[in-house]
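Numbering (full-length UniProt numbering), first residue to last: 1 to 354.
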């Protein structure tokens, strides 16, 4: 296991800044997930950690060693790609052994490591098969197994499950989580899938335009997003956001809709423009709350164990998520309850208000 320290990492392609003065501390044995929209720099950052790309500025340390300019092959890490990167003409056993043979690892040690990895990943009965005879999930297991046999201090994952169907993603997500629980190695994982991030991470790093927007546990990001971008990025379906004006002790969303608060948000002055955010699962139909609002039904989406109801709230589109099976005709007026404790408030620039 090893800790990672990144200080003022900077990377440009041509005239475009991909990562801008990024600093991050990753504890030994921690599972860190990097998330963000396409082009935010998360895969570039992973490649810099791996040594596949060099930063234009800044420092990267593994433990106490400065590895900023160290060649990728000399870093004690292993990387799992979304494309599996298996040799098609080699069996599973040969794929697992390939890297070890290249560094002249004794045959007995190779066999021991393959046996350990194949048992951990349930590959014992597939060792003599070619990759073409494996399912997508089995191929990804082999790719992970190839990393395990290297016995690295650090595991890197670049969207490893993106090519799998939904059922296989759930299965492999559980296996990666179990892998971390067993090995306790430091792991850095890139994904665009929020479910993967929320279920796997000790901490999540949210990136946008090459900068860190927030670092925290999954619940910290969900419950106390630092800004409007994080609030909208974390959570499915996306959080409801309504513009408001602070007037006479209330959040005035429209001329006909105001939410009086028990106390004024810190630092807010009369007439200040704000954003009010509320997660769809915290909007209640036939529930108790501090406020009751009326909204017109636009569409219902039944999802088996839950229902998404898309509504119009005095000209603003909102979504309600109910963990019940509901059905309403278009145009039905619903009375919805809101608890004040579930409101997220942001200033006009999108920064969270205390």
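Backbone N, C-alpha and C define an ideal beta-carbon position, used for all residues, glycine too. Since the structure is predicted, the reported quantities are computational estimates derived from the model, not experimental observations.
Query raised in the report: Do the CB positions of residue 135 and residue 86 come within less than 9 Å of each other?
Result: no
**Report entry** Burial state of residue 65 (16 or more Cβ within 10 Å)
**Finding:** exposed
Requested in this report: Name the two residues that bound the continuous alpha helix (DSSP H) containing residue 183.
Outcome: 166-183
**Report entry** Where the beta strand (DSSP E) containing residue 322 begins and where it ends
**Finding:** 316-322
Requested in this report: Give the straight-line distance between the Cα atoms of residue 281 and residue 320, rounded to the nearest whole angstrom.
Outcome: 6 Å
Report task. Report the rounded CA-to-CA distance for residue 209 versus residue 44, giving the unit in angstroms. Result -> 12 Å
**Report entry** Euclidean distance between Cα positions of residue 200 and residue 212
**Finding:** 19 Å
Query raised in the report: Between which two residues does the beta strand (DSSP E) containing residue 260 stretch?
Result: 257-260 is the span of the beta strand (DSSP E), which, as asked, contains residue 260.
Report task. From the DSSP output, in three-state form, read off residue 144 for me. Result -> helix
Query raised in the report: Taking the alpha helix (DSSP H) that residue 197 falls in, what are its first and last residues?
Result: 194-200
Query raised in the report: What is the DSSP secondary structure of residue 115, counted as helix, strand or coil?
Result: helix
Report task. Could you tell me whether the Cβ atoms of residue 307 and residue 332 are closer together than 9 Å? Result -> No, these two residues do not count as a Cβ contact at 9 Å.
Requested in this report: My understanding is that residue 198 touches residue 218, with C-beta atoms under 8 Å, so please give their C-beta distance in whole angstroms.
Outcome: That belief holds up - the Cβ atoms of residue 198 and residue 218 are roughly 4 Å apart, short of 8 Å.
Query raised in the report: Within the present structure, is the beta-carbon of residue 103 separated from the nearest heavy atom of the ligand PLP by less than 8 Å?
Result: Ligands are entirely absent from the displayed structure, and the ligand PLP is therefore not among its contents.
Query - Inter-residue Cα distance where the pair is residue 175 and residue 82 - result: 16 Å
Query raised in the report: Got a sec? Which residues, its chain only, sit under 7 Å from residue 231 by beta carbon, not counting five neighbours each side?
Result: 225, 239, 277, 344
Query raised in the report: Buried or exposed: where does residue 191 fall if 16 or more other Cβ atoms within 10 Å of its Cβ makes it buried?
Result: buried
Report task. Go ahead and label residue 173 buried or exposed: buried means 16 or more other beta carbons lie within 10 angstroms of its beta carbon, across all protein chains shown. Result -> Classification of residue 173: buried, given that the 10 Å Cβ count is 16 or more.
Report task. Leaving aside the five residues before and after residue 326 along the sequence, list all residues of the same chain whose C-beta is less than 6 Å from its C-beta, in chain order. Result -> 307
Query - Given residue 8 as reference, the closest of 25, 47, 57 once Cα atoms are compared - result: That would be 57, whose Cα lies nearest to the Cα of residue 8.
Requested in this report: Could you work out which residue in 271, 42, 234, 237 is closest to residue 250 when comparing CA atoms only?
Outcome: 271
Query raised in the report: Would residue 2 pass as a contact of residue 179 if the rule is Cβ separation under 9 Å?
Result: no
Report task. Could you say if the region 33-52 and the region 107-115 meet the contact criterion of at least three C-beta pairs nearer than 8 Å? Result -> no
Query raised in the report: In chain order, which continuous runs of the beta strand (DSSP E) of length 3 or greater are located wholly inside the region 226-287?
Result: Positions of the beta strand (DSSP E) runs, each at least 3 residues long and wholly inside the region 226-287, are given as 240-247, 250-254, 257-260, 273-278, 283-285 in order along the chain.
Query raised in the report: From 263, 262, 246, 261, pick the residue whose C-alpha is nearest to that of residue 255; which is it?
Result: Nearest of 263, 262, 246, 261 to residue 255, Cα basis: 246.
Requested in this report: Use the C-beta contact count for residue 234: other C-beta atoms within 10 angstroms, 16 or more gives buried, fewer gives exposed.
Outcome: buried
Query raised in the report: Short check: CB of residue 337 to CB of residue 283, under 9 Å?
Result: yes
Query - Contact belief for residue 223 with residue 351 at Cβ below 8 Å, rounded distance in angstroms - result: Not quite, the Cβ-Cβ distance comes to about 17 Å (not below 8 Å), so this is no contact.
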